[in-house]
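Residue numbers (my numbering): 921 to 1143.
1. What's the call for residue 1001, buried or exposed, on a 16-neighbour Cβ count within 10 Å?
2. Out of 1103, 1109, 1080, 1118, state which residue places its alpha-carbon closest to the alpha-carbon of residue 1127.
3. Cα separation between residue 949 and residue 1045?
4. In the DSSP output, what is residue 1016 paired with across the bridge?
5. Who does residue 974 pair with in a DSSP beta bridge?
6. Cα separation between residue 1053 and residue 1104?
7. By a C-beta neighbour count over all protein chains shown, 10 Å radius and 16 as the cutoff for buried, is residue 961 buried or exposed?
8. If you draw a straight line from the alpha carbon of residue 1130 to that of residue 1083, how long is it in whole angstroms?
9. What first and last residue would you give for the alpha helix (DSSP H) that runs through residue 1043?
10. Measuring straight from C-alpha to C-alpha, what distance separates residue 1108 and residue 1114?
See the structure below:
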């Protein structure tokens, strides 16, 4: 399970376009590391999460970097397959590109299983890239440690096949409930006029790269 949204996502919020094949100069694995390997590239990715599509000039103002620097990193993100040119407009006789992230829709288990291995890799790459960029940006801004309600935790659990399925189902239930909470909050804010706050909620459940481990001490969860 990768992106689990509401049962009828055609009526729900979408993250972008369906899987788009990108001619990238890096492998899927390299592209993730490269995209989040520089602070300016991270800030560009986070900015594009907020405004969907933007020109190099707009991004330069948002990330407070020289246009030449932003243009360089945009070119590198293009080569890595992390972004694409959404459209081109004529501005004072100059072609101005508007850049957009490569984003998938929400996928159910069945939809993920119907994708090819390469398509699944692309979905995974995009999710990891977006999640890592958002986490790093919030860490640099101080939100991860200043917000007393921030939740950070990870652990590995040794389970059988049924247990693996039960964990995935529990994560899906939690995700659906969070979506319901968002709708409830929107209704309250519409009535009260309170401004909403964006909260990033991430859910990962995957096999470790190593066999089941024997833990001498329990309670290894991070705060």
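All C-beta atoms, glycine included, are put in the ideal place defined by N, C-alpha and C.
Computed from a predicted model, the values in this text were never measured in an experiment.
On the basis of the supplied data:
1. buried
2. Residue 1080 is the option with its Cα nearest to residue 1127.
3. When only Cα atoms are considered, residue 949 and residue 1045 end up about 7 Å apart.
4. Partner(s): 1009.
5. 1019
6. 28 Å
7. buried
8. 18 Å
9. 1037-1061
10. Roughly 8 Å separates the two Cα atoms.
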